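Keeping their order, the protein sequence lines are chains A and B. Mapped onto my numbering, the consecutive letters of the first sequence carry residue numbers 1347 to 1722. Mapped onto my numbering, the consecutive letters of the second sequence carry residue numbers 1347 to 1722. Ideal placement from N, C-alpha and C gives every residue a C-beta, glycine not left out. This structure is a prediction, so every number in the text was calculated from the model and none was measured.
2 protein chains.
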Amino acid sequence: MVSETVSTFDCEMMSKAIQLAQKAIYSCPPNPAVGCVICREGEIIGEGYTRPTGNNHAEIEALMNCSNPKGADVYVTLEPCSHIGRTGACTKALIKAQVKRVFISMIDPNPLVSGKGIQALKDAGIDVVLGLMEETARSINRKFIKFITEGKPWVTVKIAASIDGRTAMESGESKWITSSGSRADVQKIRASHSAIITGIKTILMDDPSLDVRIDPEDLQVSDPIKKPCKVVVDSNFSIPNSAKIFKTEGEVIIATLRGKQQMEKSKIFSKNNVKVLFFDSSNDQVPIHDLLDELAKLKISSVLVEAGATLTGSFVAGSLIDELVCYFAPKIFGDSALPMFKLPIKNIDSHLALSLKELRHIGSDIRMTFAPDKDY
Amino acid sequence: MVSETVSTFDCEMMSKAIQLAQKAIYSCPPNPAVGCVICREGEIIGEGYTRPTGNNHAEIEALMNCSNPKGADVYVTLEPCSHIGRTGACTKALIKAQVKRVFISMIDPNPLVSGKGIQALKDAGIDVVLGLMEETARSINRKFIKFITEGKPWVTVKIAASIDGRTAMESGESKWITSSGSRADVQKIRASHSAIITGIKTILMDDPSLDVRIDPEDLQVSDPIKKPCKVVVDSNFSIPNSAKIFKTEGEVIIATLRGKQQMEKSKIFSKNNVKVLFFDSSNDQVPIHDLLDELAKLKISSVLVEAGATLTGSFVAGSLIDELVCYFAPKIFGDSALPMFKLPIKNIDSHLALSLKELRHIGSDIRMTFAPDKDY
Chain A
1347 MVSETVSTFD CEMMSKAIQL AQKAIYSCPP NPAVGCVICR EGEIIGEGYT
1397 RPTGNNHAEI EALMNCSNPK GADVYVTLEP CSHIGRTGAC TKALIKAQVK
1447 RVFISMIDPN PLVSGKGIQA LKDAGIDVVL GLMEETARSI NRKFIKFITE
1497 GKPWVTVKIA ASIDGRTAME SGESKWITSS GSRADVQKIR ASHSAIITGI
1547 KTILMDDPSL DVRIDPEDLQ VSDPIKKPCK VVVDSNFSIP NSAKIFKTEG
1597 EVIIATLRGK QQMEKSKIFS KNNVKVLFFD SSNDQVPIHD LLDELAKLKI
1647 SSVLVEAGAT LTGSFVAGSL IDELVCYFAP KIFGDSALPM FKLPIKNIDS
1697 HLALSLKELR HIGSDIRMTF APDKDY
Chain B
1347 MVSETVSTFD CEMMSKAIQL AQKAIYSCPP NPAVGCVICR EGEIIGEGYT
1397 RPTGNNHAEI EALMNCSNPK GADVYVTLEP CSHIGRTGAC TKALIKAQVK
1447 RVFISMIDPN PLVSGKGIQA LKDAGIDVVL GLMEETARSI NRKFIKFITE
1497 GKPWVTVKIA ASIDGRTAME SGESKWITSS GSRADVQKIR ASHSAIITGI
1547 KTILMDDPSL DVRIDPEDLQ VSDPIKKPCK VVVDSNFSIP NSAKIFKTEG
1597 EVIIATLRGK QQMEKSKIFS KNNVKVLFFD SSNDQVPIHD LLDELAKLKI
1647 SSVLVEAGAT LTGSFVAGSL IDELVCYFAP KIFGDSALPM FKLPIKNIDS
1697 HLALSLKELR HIGSDIRMTF APDKDY
């Protein structure tokens, strides 16, 4: 919440910082995407955004751009860090630069450090204005916020379907339901997640590559896109060595059950870019909650589920979804085609209630983004 | 197409005539909805729209509003009639009134009279400007155009569903999927059709009244809403005498098969407001094509299908749909719930392709209006 008075110029500068933050979302995870603008006397004298992990934070990038930041106003989308991490504390750099005021959109969501950066700035006599464009800043970092506060990856489920809610023919035939515009859009969504999860049935039926085929230039960003790793839920370890998923860039994780057959099979996959995670299970299914916990340990802060009705249904049933992105093609497939979610709900009051967050035409398709209702 | 030059004033006046035409759609069928504005020296001197069948056409209404239409410009959304029907030819009245120019949005689609009204006006020395706002005028009268050119009623199918394409639980439980806003919107759609078709399963399961419960004031129209008749597709004549549909205003048509049992049962329903139509069939189903032909003979120019997956699927399978209106509620019902269309399509290339015509938020729901693609 903005408690102090801000000018339209301040709004404009923070909006600029927000735009810079957006440039970081494809390269900075598991760090938050942050943008920073430094101004003096109505002129921008420096700007920057979070570089890939291990490199500069936004504030350092912006300060490095300035010749003389003394007495300047700083606009930053997230509370500057006060701890000495891989890159040195940003608060320390701002204090050393003798800036006058710091506008901050949102407090660091990490409860362990939250507020400490602001306190450090205030202790050094720097004015702090908090809350400008907070909602937008939170939205950009919604995946990071969940990861840092709950220790679990953000889960987006993506589905392409006909308007009667069918994702493939009974035979499994499904290429291509949606238009090329929607498929290009899915590329952007993939690029903004740390991992893509699919099921073994999808691998065996469609043999998808699940890779990101867009260039940073297409996204108007300068840092390389951090390719999401690909996770296959494969209880029996049935994936063939020839699957396309192994032939594309980036790591593949096989989530399988702890068993003799699986242990044996894993030896064949002892390649550089394949990791096997073994799980115990009471029902012959890889436990999705445990899988997400394991992925969190690997610093995977967000996952995109691109799977069939069974696996997608398990995510719904497990109350694990944060965002549902549906691409509806203006087509009717009929009732023998495959459903969106395998999910037996008997009573109408037991349905999963969602809120529509965004509605867009993409080519001839309609993209709808939903969030599950709170009591889900 | 507009071949002559028109002014912005002309556009404004025709737009006014279009708005007047829209006021007639709930009361004028099976006649077309027409609006008329008469102007002299930049001032509106008369206006009118089609009154209920047997009453004045728009032009006569507008002329009756004028004290002196001599030398005036007339804006009318459909070619004035030249035949003497129940209300006298409009061209004759315009000629007698000695108007100077007539702007017409679209030619009368009836191939038997099309162009004759324009010719009559020209023969009398009146200037005619054709095609102004033709597309909008055609859209308002799309139901009439189909009826008059093809001799078959326009067919709209309305479905309320969850985003995973489910219209009810497995048990049939379905109240209420969509929000009150969507249900109010359905009232308007019902009011703009001449008949509502449903299936016996829906009657037995939901016992809907299928009536129009809005007042003309809610629609900002002055004439009474012509209540659509209610048609039940009921091969075995299983409808109970106690069905709610019989207790509401307006005619009920039972479409059943020609059989001894049905003939017997029909005697019980020999009430004033119930009509029974008997059909021959090779597969124990009422033939939908024949039903629509019979309804056309009864001057029913448009039907709204509000039914379950079986009957709705038959309309899709029979290539009978002109417009599909879907209300999607932001909910997930799961795969054991009932489908939108019972329609076995085996091959992905055999899907029914649609074009999205309109997309709107209604309350928490999303309304999508589709037209089937041409080769359907």
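Buried or exposed by the 16-neighbour rule on C-beta atoms within 10 Å, applied to residue i
| i | result |
| --- | --- |
| A:G1388 | exposed |
| A:D1419 | buried |
| B:Q1465 | exposed |
| A:I1364 | buried |
| B:E1358 | exposed |
| B:N1582 | exposed |
| B:H1403 | buried |
| A:T1495 | exposed |
| B:D1356 | buried |
| A:Q1566 | exposed |
| B:P1375 | buried |
| B:P1499 | buried |
| A:T1423 | buried |
| B:I1585 | buried |
| B:G1659 | buried |
| B:R1706 | exposed |
| B:I1430 | exposed |
Contacts around residue i, its chain only, beta-carbon distance under 7 Å, and the 5 residues preceding and following it disregarded
| i | result |
| --- | --- |
| A:P1633 | F1625 and S1627 |
| B:V1662 | F1687, L1689 and L1698 |
| B:R1559 | Q1533 |
| A:S1538 | I1371 and Y1372 |
6 Å Cβ shell around residue i - same chain, five flanking residues per side excluded
| i | result |
| --- | --- |
| B:L1476 | I1450 |
| A:M1515 | A1683 |
| A:I1509 | F1674 |
| A:K1590 | D1553 and S1555 |
| B:V1620 | V1598 |
| B:A1370 | A1379, Y1395 and T1396 |
| B:I1384 | I1391, G1392, A1408, C1412, P1415, A1418 and V1420 |
| B:E1640 | L1623 |
| B:F1708 | In the sequence under discussion, the amino acid at residue 1708 of chain B is Ile, which differs from the Phe named in the question. Excluding positions up to five away in sequence, the list reads G1527, S1528 and D1531. |
| B:S1612 | V1622 |
Chain B residues whose Cβ lies nearer than 9 Å to that of residue i
| i | result |
| --- | --- |
| A:V1662 | I1678 and G1680 |
Under 8 Å by beta carbon: chain B residues contacting residue i
| i | result |
| --- | --- |
| A:E1519 | N1693 and I1694 |
| A:E1516 | K1692 |
| A:R1713 | Chain B residues near A:R1713: none, gap ~11 Å exceeds 8 Å. |
Identity of the residues DSSP links to residue i by a beta bridge
| i | result |
| --- | --- |
| A:M1609 | A:M1609 is not bridged to any residue. |
| B:M1452 | B:L1424 |
| A:L1666 | DSSP output for A:L1666 lists no bridge partner at all. |
| B:C1672 | B:I1505 and B:M1714 |
| A:H1707 | A:I1712 |
| B:D1419 | B:C1385 and B:R1447 |
| A:I1542 | A:K1576 and A:L1650 |
| A:L1700 | A:P1718 |
| B:P1685 | B:R1512 |
Contacts of residue i in chain A (Cβ-Cβ under 9 Å)
| i | result |
| --- | --- |
| B:S1701 | P1676 and S1710 |
Contacts of residue i in chain A (Cβ-Cβ under 7 Å)
| i | result |
| --- | --- |
| B:P1685 | D1510 and D1681 |
| B:L1666 | In chain order: nothing, as chain A lies at least about 13 Å away. |
| B:F1583 | Neighbours of B:F1583 on chain A: none; closest Cβ ~27 Å, over 7 Å. |
Within chain B, the residues that residue i reaches when beta carbons sit closer than 7 Å
| i | result |
| --- | --- |
| A:K1688 | D1681 |
| A:A1655 | D1681 |
| A:C1427 | Correct list: empty, because the minimum Cβ distance to chain B is about 38 Å. |
| A:C1672 | I1509 |
| A:F1716 | P1676 |
Partners in chain A for residue i, counting only beta-carbon separations shorter than 8 Å
| i | result |
| --- | --- |
| B:L1650 | Simply none; closest approach about 18 Å. |
| B:H1697 | S1508, K1677, I1678, F1679 and G1680 |
| B:L1705 | L1705, H1707 and I1712 |
Cutoff 8 Å; reference residue i; Cβ partners in own chain excluding five residues on either side
| i | result |
| --- | --- |
| A:P1398 | S1373, C1374, D1569, P1570 and K1572 |
| A:V1579 | I1543, T1544, G1545, I1546, A1601, V1632, I1634, L1637, A1653 and L1657 |
| A:K1446 | G1417, A1418, D1419, I1472 and D1473 |
| A:E1704 | R1713, M1714 and T1715 |
Which residue spans inside the segment 1378-1415 of chain B form an unbroken alpha helix (DSSP H) run of at least 4? For the segment 1378-1415 of chain B, whole alpha helix (DSSP H) runs of length 4 or above, ordered along the chain, are 1404-1411.
Counting only runs of 3+ residues fully inside the segment 1565-1606 of chain A, write out the beta strand (DSSP E) ranges in chain order. As for any beta strand (DSSP E) of minimum length 3 sitting wholly inside the segment 1565-1606 of chain A, the runs are 1575-1579 and 1598-1603, ordered along the chain.
Complete runs of the beta strand (DSSP E) confined to the segment 1610-1661 of chain B [at least 3 residues]: Within the segment 1610-1661 of chain B, the complete beta strand (DSSP E) runs of at least 3 residues are 1620-1625 and 1648-1651.
Going along the chain, which unbroken runs of the alpha helix (DSSP H) with 4 or more residues stay wholly within the segment 1455-1530 of chain A? Complete alpha helix (DSSP H) runs here, min 4: 1462-1469, 1480-1486 and 1488-1496.
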